[in-house]
Amino acid sequence: MDEQQPVLRAFGWARVFPVSGGVRNGRAWARQHLDALGWTEHAPESADAVVLTVSELITNAHQHAASDADLVLTWDGSFLYVSVHDASPEAPRPREADPEATSGRGMALIDALADDWQTRTNPSGKTVTARFHP
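The sequence shown begins at 5 in the numbering used here and counts up one residue at a time.
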């Protein structure tokens, strides 16, 4: 009988970031895991893009959904997926912010930084997932 060991295809981390204090803690938590993957040393620009994306997605969950942010980072050996779930079913969209505005550019930034991103809605809200290659 030939027994094969299962092949690890992906792994990840998950954490909930509450409305109070979640953005700063989310950035630090993501940076810690990027350090563990070697991204901050070998792909520092990609690591910075991921941290900025985490910050924007958690901020959106807190400000627009008035919700905690459930953050999941998943590494499959080729791509890092950054997923944030919140309680609002309304999908985010890039928009043009007024030059004087102090907000409204988050999804446009993610659109520019990530390899791609998507939104999936479900009965409990939505999940926004951005994909990065180091």
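We treat Cβ as the ideally placed atom computed from N, Cα and C, and that holds for glycine.
Considering only their Cβ atoms, is the gap separating residue j from residue i smaller than 8 Å?
i, j, result
"A95", "T125", "yes"
"D102", "G129", "no"
"A73", "A65", "yes"
"L113", "L56", "yes"
Using the C-alpha atoms, what's the distance from residue j back to residue i?
i, j, result
"G110", "R13", "31 Å"
"T80", "T123", "Before going on, a small fix: residue 80 reads as Asp here, not Thr. If I take the Cα positions, the gap works out to 20 Å."
"G25", "Q8", "46 Å"
"A34", "W121", "18 Å"
"M5", "F15", "Residue placement at M5 cannot be trusted, given a pLDDT of 49 that sits under 50; the coordinates are not used to answer."
Assuming residue i and residue j are in contact, meaning their beta carbons sit under 8 Å apart, how far apart are those beta carbons, in whole angstroms?
i, j, result
"L77", "H37", "6 Å"
"S87", "T44", "No, S87 and T44 are not in contact; Cβ-Cβ is about 20 Å, not under 8 Å."
"H137", "D119", "6 Å"
"Y85", "R31", "Wrong, their Cβ atoms sit about 17 Å apart, outside the cutoff."
On the CB-based measure, 16 or more other CB atoms within 10 Å of its CB, does residue i come out buried or exposed?
i, result
"A70", "exposed"
"V20", "exposed"
"H46", "exposed"
"S82", "exposed"
Who pairs with residue i in a beta bridge, going by DSSP?
i, result
"G16", "T78"
"S87", "V76 and T133"
Please find out if some non-hydrogen atom of the ligand FMN comes closer than 7 Å to the beta-carbon of residue i.
i, result
"Q67", "Among the ligands in the structure shown, none appear at all, so the ligand FMN cannot be discussed."
Contact criterion: CB-CB distance below 8 Å. Does residue i meet it with respect to chain D?
i, result
"T125", "The displayed structure is made up of one protein chain only, and chain D is not part of it."
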